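In what follows, a single structure is set out as structure tokens and then discussed.
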Amino acid sequence: MSRQVYIETYGCQMNELDSELVQGQLEALGYGFTTKADEADVVLLNTCSVREHSEHKVWSYLGRLGHAKRDEGREVVVGVLGCMAEREASNIFTRMPHVDLVCGPSMLDKLPSLLENVVQSKSRQSALTGHTARRSATLDAAMDGIEAMDLSRAFSPYANDRESGHVRRQAYVRITRGCNKFCSFCVVPYTRGPEVHRPAQHIIDEVKRLVEAGVLEVTLIGQTINHYQHEGTSFARLLYRIHEEVPDLARLRFVTSYPRDFTDEALDVMAACDRIGKYLHVPAQSGSDRMLKIMNRGYTLAEYTDLLDRARARMPNIRLAGDMIVGFPTETDADHDLSLRLIERARYKGCYIFKYSPRPGTVSSRRFEDDVPDAVKRERNQSMLELQNRICLAHNQSLVGQVLDVIVEGESKLRRESAPIDGVVVGWAKKDTTRLIGRTEGDEIVAFDGPRSLLGTLTKVRAMSATAVTILGEHVGERQQKADHRASPPQVDGP
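Mind the numbering: the sequence shown is residues 425 to 919 in our numbering, read in order.
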């Protein structure tokens, strides 16, 4: 019998993709995978270091695994992957002696050999790039291995399996790794290293194969994705090439954008290409120029809002999403009020709001005292969440009556009349239907009743009511959708 592997993934979309690639390379070597950790021979935690809370969850999980190995005598290989492995390698081995291996995100291609060495030699194994200590001179060689992982990804997860309820029609494609920005609060440049951009043709070929496997939506990912540049191909040109060279791709999206240097050329391509989602995730982190400066964000509030204005001028229906940090060192009530004013102006479809926590090794942890009391952080966090929820509710309610294109992701667990969605009683699904959940091109979540045959399809849903989180809709059938699909897309002049 093959060894069974369980992977627990924390953090961003990049980690989700890394876990998928790890599973693909191990399956190719004969490993099996399980969704139950207590049945696994190998437990891998793919970790995140961006937020302190994520690391706390990993330490807690590792503690439970230590109890299982030490006190219950369970034979299991325990591995820590990702950003926390790169940043905390020696500390992990010291605090958790039952951990068998650590592997940084830029060295994941080495994981199969690390696992085999653990089993054969009964000794700890590690593979780290050393971004925490220096800007690695061997980076290109390290990235060659990661590029090979991307190129050899398995496409079987996207095969049609509607009867089981597991239908995957959305996929991530990495176009760039690492970050050169060194925001004072962020660990990413230290854990994932400097920016490295993939060849455009590799990206396009990967998207083509995903579409051939049944994928409807591809999301391009990178820490500062709009900085993509490879051998004369700009980010705008890459978007256009994917749109034109993969015509059967129903929806193309991307995250995460850096506010500075987002070109008009890229906005023009987004506006002109009908299958590129009109969605822009562009973190601000603060609405105060003083805070932006000490965060080392590299732009001013005026430059940030100029990007929003340029985007809306070309795409009035664009959905914007942001990130905000509350309680950064020295933040005053006046700084916080400026952030609230930015949220009011931006009218984000959604905004990720975090309380500041110092990350060891970052500039802010060395240079600034964490001087905003936790009670103040909680109060500011709550006031910002309440404002954003009001904006989200108004946004979703503005869509009521519209017919939305929705990719159906799965069945909702909330089907009983006693189980409301966001406080709204949704009732039983009709006979021969189930409650389905999907997303629009603007990333709105839509719940509606429909047959299970809609799983994994792009269909049309009329918005009937809304909460701050969910749009409740009614399926309107596939006849118009098929007619739209047969229609020729508009011709677009390339950049």
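From the three backbone atoms N, C-alpha and C, an ideal C-beta is built for every residue, glycine too. Bear in mind that the values here come from a model prediction, so they are computed numbers and not experimental data.
Check                                                                                                               : Outcome
Any 3 or more C-beta pairs closer than 8 Å across the segment 790 to 797 and the segment 744 to 762                 : yes
Exposure label - threonine 927; buried when at least 16 CB within 10 Å                                              : Limits of the chain in this structure are 425 at one end and 919 at the other, which puts residue 927 out of reach.
Assigned secondary structure, arginine 593 (DSSP; H/G/I helix, E/B strand, else coil)                               : coil
Alanine 735 classed as buried or exposed, judged by whether at least 16 other C-beta atoms fall within 10 angstroms : buried
Span of the beta strand (DSSP E), counted from its first residue to its last, around cysteine 527                   : 525 to 527
Residues that aspartate 747 bridges to, as DSSP identifies them                                                     : Tyr776
Cysteine 527 versus glutamate 619 - alpha carbon distance                                                           : 19 Å
Residues near glycine 862 by beta carbon distance below 6 Å, same chain, minus five either side                     : Val830, Ile831, Val832, Glu833 and Val870
Continuous beta strand (DSSP E) stretch holding lysine 884: start and end                                           : 882 to 890
Supposed close pair phenylalanine 609, leucine 644 - CB separation, criterion 8 Å                                   : Rounded, the Cβ-Cβ distance is 25 Å, inconsistent with contact.
Pair within 9 Å by beta-carbon distance, valine 824 and methionine 888                                              : yes
Inter-residue spacing [alpha-carbon to alpha-carbon] between leucine 968 and alanine 770                            : The question about residue 968 has no answer here: the residues shown for the chain are numbered 425 through 919.
Unbroken stretches of the alpha helix (DSSP H), 4 residues or longer, contained in the segment 697 to 772           : 713 to 718, 725 to 738 and 757 to 770
Candidates Asp692, Pro529 and Val523, of which the one nearest cysteine 436 by Cα                                   : Pro529
Extent of the continuous alpha helix (DSSP H) to which glutamate 669 belongs                                        : 659 to 669
Coil, strand or helix - asparagine 604 by DSSP                                                                      : coil
Per DSSP, the bridge partner or partners of tyrosine 430                                                            : Val467
Start-to-end residues for the alpha helix (DSSP H) that takes in glycine 487                                        : 476 to 494
Where aspartate 798 falls: helix, strand or coil (DSSP)                                                             : helix
For arginine 558, the three-state DSSP class (helix, strand or coil)                                                : With a pLDDT of 40 at arginine 558, under the threshold of 50, the modelled position of that residue is not reliable, and the figure given next carries that caveat. Coil at arginine 558, not helix or strand.
Leucine 896 in three-state terms, based on DSSP                                                                     : strand
Contact belief for isoleucine 777 with methionine 808 at Cβ below 8 Å, rounded distance in angstroms                : 5 Å
Whole-angstrom C-beta distance between arginine 511 and glycine 785, which should lie under 8 Å                     : 7 Å
Glycine 897 burial status per 10 Å Cβ neighbour count (16 or more: buried)                                          : buried
When Asn741, Ile649, Leu879 and His626 are compared against aspartate 698, the one with the closest alpha-carbon    : Asn741
Under 9 Å between C-beta atoms of valine 429 and threonine 471                                                      : no
Neighbour-count burial assignment, leucine 575, 16 or more Cβ in a 10 Å radius                                      : exposed
Cα-Cα separation between isoleucine 628 and isoleucine 700, rounded to whole angstroms                              : 15 Å
7 Å Cβ shell around alanine 572 - same chain, five flanking residues per side excluded                              : Asp533
Collapsed DSSP secondary structure at arginine 498 in the structure displayed                                       : coil
Exposure label - glutamate 602; buried when at least 16 CB within 10 Å                                              : The sequence given here has glycine at residue 602, not glutamate. The residue in question, glycine 602, is buried, as its Cβ has 16 or more Cβ neighbours within 10 Å.
Closest residue to arginine 622 among Gly638, Phe659 and Leu640 (Cα-Cα distance)                                    : Phe659
Distance between leucine 535 and asparagine 805 (C-alpha atoms, nearest Å)                                          : 39 Å
Under the three-state DSSP convention, the category glutamate 512 falls into                                        : helix
Exposed unless 16 or more other CB atoms sit within 10 angstroms - verdict on glutamine 812                         : buried
Beta-carbon proximity check, alanine 674 vs leucine 882, cutoff 9 Å                                                 : yes
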